[in-house]
Amino acid sequence: MTLALGKVPYNILEEKVFTKLGAKDEAVLYGPGIGLDSAVIDIGPRVLVVHSDPITEARKRIGWLSVHISANDVAVCGAKPRWLLPVILLPEGAGEEVLDEITSDIDQAAKEIEASIVGGHTEVTPRLDRPIVITTAAGVVSKKRFVTAAGAKPGDLVLATKSAALEGTAIIAEDFEEDLRGKAVPIRIIERAKTFIDEVSVVKEALAAISTGGVTAAHDPTEGGFLGGLVELAKASNVMIEVYEDKIPVRSETRVICDALNIDPLKLISSGSLILTVKEEMFESVISAIKREGVEVRMIGKVSEGSGVKVHRKDGKVEVYEEMIVDELTKLWEKKV
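Position one of the sequence shown corresponds to residue 5 (the numbering used here), numbered consecutively onward.
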């Protein structure tokens with residue numbers, strides 16, 4: 005079977021990837037799994053949290069994005085990202101200025117989160133049509149303090165920060181600008197949407213929320229969008245998550261752009277938002293900690309027994325999702341190609 009663009013389906017990951025993990029190591033507390041994007045490794049009184057991620061669907065500021073996207077997955081476990089190892093793959097014919105732009109962006113992003121570049125790899129790779137950056141991020145946290153996407157419990161409340169589809173909106177505004185102009189999307193909206201890329205980091209709010217002790221599970225929704233992130237969290241925790249569309253924050257610029265292209269903002273890559281499940285009695289403490297960081301946050305639903313994600317749409321329809329969601333950005337690129 006030929007695999008489609010985007011994330012590999014859950015069933016294939018479980019059959020072809022998660023069954024082939026090399027030697028067993030008792031120090032690995034959490035390894036690969038649906039919704040478990042970071043490894044958690046026992047190193048004594050603390051754990052080492054490690055994550056790798058590629059940037060494949062953006063063309064602008066890919067070095068900067070690569071750092072923040074990878075760092076996010078370390079931070080949502082409660083560990084401050086400290087060490088970064090970027091792998092830079094350049095297409096044939098790329099000039100030194102391309103490499104300089106990427107490494108300058110990596111340097112800027114690393115300084116923003118106070119992380120160090122400690123290794124990596126750089127090469128010119130045959131048969132690439134654009135640069136690709138893959139970054140590994142790592143950090144440490146107390147063994148008593150870390151969280152994963154696997155800790156949600158029935159009765160927990162579900163919180164969401166900022167807005168769904170921030171990254172996707174910004175990428176579309178940059179890479180599909182001509183298409184949007186052709187559909188009469190105002191220039192001012194396109195330009196505002198481009199600035200959303202500056203908000204993709206969730207490091208400060210994730211660390212602040214988890215430090216309260218009230219967070220049971222955390223996940224940053226990337227490919228597959230906000231709903232994809234919820235599905236992964238539900239699978240990791242073996243629970244049902246029930247949310248309401250009218251409570252999920254979506255900015256007006258995102259709505260205009262998604263309406264113009266006839267796509268669902270809740271299925272559009274959503275780095276920059278943070279999904280948390282919290283103990284009901286700690287709800288106010290977590291909310292306050294996030295707001296002190298200057299970040300908007302809302303309660304969007306609740307965790308219950310069962311499986312999958314139940315979405316109450318604004319029009320009264322109820323949708324249930326249990327499988328991987330194909331990102332709307334992937335569909336747009338398929339049409340463009």
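Ideal Cβ positions, reconstructed from N, Cα and C, are used throughout, including at glycine.
Endpoints, the beta strand (DSSP E) within which residue i is located
i           : result
residue 221 : 219-223
residue 164 : 161-165
residue 304 : 301-308
residue 312 : 312-316
residue 323 : 322-325
Per DSSP, cross-strand counterpart(s) of residue i
i           : result
residue 134 : Paired residue(s): none; residue 134 is not in a bridge.
residue 50  : 146
residue 90  : 139
residue 271 : DSSP output for residue 271 lists no bridge partner at all.
residue 55  : 141
residue 34  : 44
Exposure of residue i, with buried meaning 16 or more beta-carbon neighbours within 10 Å
i           : result
residue 176 : buried
residue 280 : buried
residue 11  : buried
residue 125 : exposed
residue 242 : exposed
residue 266 : exposed
residue 191 : exposed
Pick from the options that is closest to residue i, judged by C-alpha positions
i           : options            : result
residue 156 : 31, 40, 53         : 40
residue 233 : 273, 47, 18        : 273
residue 74  : 64, 63, 87         : 87
residue 138 : 72, 24, 33         : 72
residue 127 : 99, 174, 330, 193  : 99
residue 229 : 196, 207, 324, 269 : 269
residue 85  : 108, 121, 160, 327 : 121
residue 83  : 253, 264, 207, 283 : 207
residue 271 : 112, 332, 36, 189  : 332
residue 296 : 209, 285, 20, 103  : 209
Start and end residues, alpha helix (DSSP H) containing residue i
i           : result
residue 6   : No alpha helix (DSSP H) contains residue 6, which DSSP labels as neither H nor E.
residue 184 : 181-186
residue 110 : 100-116
Query raised in the report: Taking three-plus beta-carbon pairs below 8 Å as touching, is the stretch 290-299 in contact with the stretch 231-247?
Result: Touching, no.
Query raised in the report: Contact between the stretch 176-196 and the stretch 244-252: three or more CB pairs below 8 Å?
Result: Contact between the stretch 176-196 and the stretch 244-252 is absent: fewer than three C-beta pairs spanning the two stretches fall below 8 Å.
Query raised in the report: Between the stretch 213-223 and the stretch 320-329, do at least 3 Cβ pairs fall closer than 8 Å?
Result: Counting C-beta pairs closer than 8 Å gives fewer than three between the stretch 213-223 and the stretch 320-329, which falls short of the contact rule.
Query raised in the report: Is the stretch 159-175 close to the stretch 197-209, with three or more CB pairs under 8 Å?
Result: By the C-beta criterion, the stretch 159-175 is judged to be in contact with the stretch 197-209, since at least 3 inter-stretch pairs fall below 8 Å.
Query raised in the report: Can you find at least 3 beta carbon pairs, one from the stretch 110-129 and one from the stretch 46-54, that sit closer than 8 Å?
Result: Pairwise C-beta distances place the stretch 110-129 out of contact with the stretch 46-54, as fewer than three of them are shorter than 8 Å.
Report task. Determine, using beta-carbon pairs with one atom in the stretch 93-111 and one in the stretch 302-309, whether at least three such pairs fall under 8 Å. Result -> The answer is no - the stretch 302-309 does not touch the stretch 93-111, with fewer than three Cβ pairs under 8 Å.
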